[in-house]
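> Order-wise, the sequence lines are chains A and B. Per my numbering, numbering through the first sequence is continuous, rising by one, with the last residue being 495. Per my numbering, numbering through the second sequence is continuous, rising by one, with the last residue being 645. For glycine and all other residues, C-beta sits at the position ideal for the given N, C-alpha and C.
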Amino acid sequence: MEAFDLLAQGFAVALTPTGLFSIFMGVLIGQIVGALPGLGPAAGMALLLPVTFGMDPNAAVMMLAGILYGGMYGGTITSVLINVPGESSSVMAAIDGHQLARRGRAGAALAVAAVGSFFAGVVGTVALAFAAVGLSAIALRFNAPEFFLLAVLGIIATASLGTGSPTKALLMGAVGLAIGAVGTDPISGNARLTFGNSYLVDGFDFLPVAIGLFGIAEVLVSLENVHAEKPITTRLRDMWMTSAEWAQSRMAVLRGSAIGFVVGLMPGAGATVAAFLAYVVERRFSRNPEMFGKGALDGVAASESANNSSVTGALAPMLALGIPGSTGTAVLLAALVLQGIRPGPTLMADQPILVWSLIASMFIGNVVLLVMNLPLAPLFAALLRVPYVLLAPAILVFSLVGAYAATMSFVTMVVAMGFGIVGYLMIKADLPRAPLVLALVLAPLLEESLRQSLLLSLGSPMIFVERPFALALLITVIVFLAMPFVLRRFSKAGV
Amino acid sequence: MRNLELMAAAVVLLMSVVIGFGTADLPVWSDFSPGDRFVPIIIAVACAVLALSLGWEALARPTHEPAPWPSGEGARRMFLLVPAVAGFGLGAAYLGFPIAVFGFVAFATVVALRQSWTTGFATAAVTTILIHTIFVVSLGIRLPKGPLGF
Chain A
1 MEAFDLLAQG FAVALTPTGL FSIFMGVLIG QIVGALPGLG PAAGMALLLP VTFGMDPNAA
61 VMMLAGILYG GMYGGTITSV LINVPGESSS VMAAIDGHQL ARRGRAGAAL AVAAVGSFFA
121 GVVGTVALAF AAVGLSAIAL RFNAPEFFLL AVLGIIATAS LGTGSPTKAL LMGAVGLAIG
181 AVGTDPISGN ARLTFGNSYL VDGFDFLPVA IGLFGIAEVL VSLENVHAEK PITTRLRDMW
241 MTSAEWAQSR MAVLRGSAIG FVVGLMPGAG ATVAAFLAYV VERRFSRNPE MFGKGALDGV
301 AASESANNSS VTGALAPMLA LGIPGSTGTA VLLAALVLQG IRPGPTLMAD QPILVWSLIA
361 SMFIGNVVLL VMNLPLAPLF AALLRVPYVL LAPAILVFSL VGAYAATMSF VTMVVAMGFG
421 IVGYLMIKAD LPRAPLVLAL VLAPLLEESL RQSLLLSLGS PMIFVERPFA LALLITVIVF
481 LAMPFVLRRF SKAGV
Chain B
496 MRNLELMAAA VVLLMSVVIG FGTADLPVWS DFSPGDRFVP IIIAVACAVL ALSLGWEALA
556 RPTHEPAPWP SGEGARRMFL LVPAVAGFGL GAAYLGFPIA VFGFVAFATV VALRQSWTTG
616 FATAAVTTIL IHTIFVVSLG IRLPKGPLGF
């Protein structure tokens, strides 16, 4: 009952003019960055982070979250109309959605994606409310050992559940921790790895690193190959499905939403894994599996529903435990820290209005996105006619000015430039950037909780196996660490 | 791709050595609790082990995909844009943000991305106005001005 009261209070905050404006701006920007190839929601959020500094924390978080889930909707438009996924989680929609568009059913593909995303967003938000309350109640019993293991799990799971090489992902996680170790020791306050440089005493700020790795690097890579694809046009009156098409897709929406939410709860799995898994599962359930890859509407419905609900699912561990499960939630977590809010299991108790207004804003945001993606989809499709070569330089300077504005220091801007080049090289070497950013965010929690644990146990590592929750987390960490290597061995052996 | 992976492994290996030497004057353990060097040393060891694993994987792999470096027009764009980004930093520091923003966008669109002068200058003007409106007017951030007073 208390949760409903808090949700009502959350709606009261979200429905104020400031709240509504923040939600609208968030989902609008999310829709646009999602539609721009090469610029995902995480990059959009990182770029917009400096703009939120002077804002009310509730409004700032609602706006940034709007970019996160709005980006999932936006990616569909480019996938269907020009066969270029706005981001990786829309690849499945590009495969089948564009085939449908070529057959003159672009409106049906966009409509099923919008309705599926809306359903997944709303159901996912209800599930998020329950999951966050449940997880938070458990997490209140956690102490330093559990937090250390949770932080380790966050980094390991990103490597384990990611799609590339686990060695590369773990290496990037370790590099993120190394960058996080620069600055002032969190316990003693002594300078560490600063080499006498006063600029390094405060360590590397998350913001310029994220702006560089995601914003600048992605724009540079996308400018290497700019294809002026002519979008397939769609009309407002075509923006719906026939009753047969809806009958074919509705179960796909349900299954995709459920799969996406569960995948989203797992740290590191992300929207791409959710969309891919939902697509593969739907192919098994489909009455027309031979159409997958050739224009299956249920394939579009499943993958688009899954990528939306996975984003909502990923918010649960972030809100309840203070552990970001994805790059987007890592940026959201950084936004909370920048607003002076300490994330963690006490967040829901200490900042109930912030959490519940965020949840309420997601209901409202999904309604706004449904309107944007059904009657207004042709309008957004028209935006695709603005050449990317004109937008890209503006995005680059916006990133750099944003980095400067964060601290009013040219050093921050130089750090963003440096990490932009590093991010570009990482993309070329196929080194994942998400583990680095997640590790950088989790580094202070990891170090503080490890040292506090060993202080509590007078130096004995047995504290990690003597406490039931810690032991369960330790076993989970070991399983996640071993899983990719064991699976690779099995696949090599042809099992 | 193999050369890039080996380079990445070498850089991280070097990073682990720097962490080891850079924290040499700090205690690993003090009395009955971990010291300032405790976590950095664990990170350095993890970096070294993982870098060696990556290097070994890269050398042991029988086939190698070529690194996706840009060629032709893409390479030309990168050779122009990367120094231009660095130039923007210098320009902003010495000429002020409005001139640097205008100059960077005009250079990027006209020279690097081969758009017409009119398109490039119009894009640069719109971007400069947008940046000023968002950061200076809306957010009240005082971006450094140049010698011309803007």
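Could you confirm whether any beta carbon from chain A is found closer than 8 Å to the beta carbon of B/S611?
no
> Just the Cα atoms here: how many angstroms apart are B/F583 and A/D430?
Taking the Cα positions, B/F583 is about 28 Å away from A/D430.
> Kindly indicate the opening and closing residues of the alpha helix (DSSP H) around A/W246.
S243 to L265
> With DSSP run on the structure shown, which of helix, strand or coil describes A/T184?
strand
> What residue range does the alpha helix (DSSP H) around B/W612 cover?
W612 to I626
> With DSSP as the reference, identify every bridge partner of A/A191, one or two as the case may be.
A/T184
> Going by beta carbon distance, what residues of the same chain come within less than 8 Å of A/N190, once the five residues before and after it are set aside?
Answer for A/N190: T184, listed in chain order.
> Enumerate, from N- to C-terminal direction, the unbroken alpha helix (DSSP H) stretches of 4 or more residues contained entirely within the region 2-40 of chain A.
Those alpha helix (DSSP H) runs which fall completely within the region 2-40 of chain A and span 4+ residues are 2-14 and 17-35.
> Run down chain B in chain order and give the residues with a C-beta less than 8 Å from the C-beta of A/E447.
V534
> Is the CB-CB distance between A/R255 and B/P529 below 8 Å?
no
> Looking at the secondary structure, which residues open and close the alpha helix (DSSP H) in which A/N373 lies?
In this chain, the alpha helix (DSSP H) harbouring A/N373 covers P352 to N373.
> Given 7 Å as the limit, tell me if A/P41 has its C-beta closer than that to any heavy atom belonging to the ligand SAH.
As for the ligand SAH, it is missing from this structure, which has no ligand bound.
> Give me the Cα-Cα distance between A/P352 and A/P345, rounded to the nearest whole angstrom.
Cα to Cα, the separation comes out at about 12 Å.
> Excluding sequence positions up to five away, which residues of its chain have a Cβ less than 6 Å from the Cβ of A/G176?
L436, A439 and L440
> If you draw a straight line from the C-alpha of A/A159 to the C-alpha of A/V479, how long is it?
Counting only the Cα atoms, A/V479 lies some 12 Å from A/A159.
> By the 8 Å beta-carbon criterion, what residues does the region 154-180 of chain A contribute toward chain C?
Annotation note: the requested chain C is absent from the structure, which comprises protein chains A and B.
> For B/H559, is the classification buried or exposed, using 16 other Cβ atoms within 10 angstroms of its Cβ as the cut-off for buried?
Counting the other Cβ atoms within 10 Å of the Cβ of B/H559 gives fewer than 16, which makes it exposed.
> What runs of the alpha helix (DSSP H), each 4 residues or longer, lie entirely inside the region 370-426 of chain A?
377-383 and 388-407
> Ends of the alpha helix (DSSP H) at A/R284?
Segment G270 to F285, the alpha helix (DSSP H) holding A/R284.
> Tell me where the alpha helix (DSSP H) around B/G598 begins and ends.
Run containing B/G598: F592 to A601, per the alpha helix (DSSP H) assignment.
> Would B/V600 pass as a contact of B/A570 if the rule is Cβ separation under 8 Å?
no
> Which stretch, first to last residue, makes up the alpha helix (DSSP H) that contains A/M72?
Segment P57 to I82, the alpha helix (DSSP H) holding A/M72.
> Taking the straight line between their C-alpha atoms, what separation do you get for A/L496 and A/A43?
What the structure shows of chain A is the stretch from 1 to 495, and residue 496 of chain A is not part of that stretch, so it cannot be assessed.
> By the three-class DSSP mapping on this structure, what secondary structure does B/S525 have?
DSSP, read as helix, strand or coil, puts B/S525 in strand.
> My output table needs one value for A/Q339: the three-state DSSP class, helix, strand or coil.
coil
> Quick one: does A/G215 have its CB under 8 Å from some CB of chain B?
no
> Residue range of the alpha helix (DSSP H) that B/P535 falls in?
F533 to A555
> Is A/L28 close to chain B? Criterion is C-beta to C-beta, closer than 8 Å.
no
> Assuming contact is defined by CB atoms lying nearer than 8 Å, are A/G104 and A/M417 in contact in what I supplied?
no
> Establish whether the CB of A/S188 and some CB of chain B are separated by less than 8 Å.
yes
> Does DSSP put A/M462 in a helix, in a strand, or in coil?
coil
> Between the region 58-77 of chain A and the region 403-410 of chain A, are three or more C-beta pairs nearer than 8 Å?
no
> Quick check: is the beta carbon of A/L455 nearer than 8 Å to any beta carbon in chain B?
yes
> Excluding the 5 residues preceding and the 5 following B/P639 in the sequence, name in chain order all residues of the same chain whose CB lies nearer than 8 Å to its CB.
A587, A588, G591 and F592
> Evaluate the contact criterion for the region 142-153 of chain A versus the region 325-336 of chain A: three or more CB pairs, one atom per stretch, below 8 Å.
no
> Compare the C-beta of B/R572 with all C-beta atoms of chain A and state if any pair is closer than 8 Å.
Using a CB distance cut-off of 8 Å, B/R572 counts as an interface residue toward chain A.
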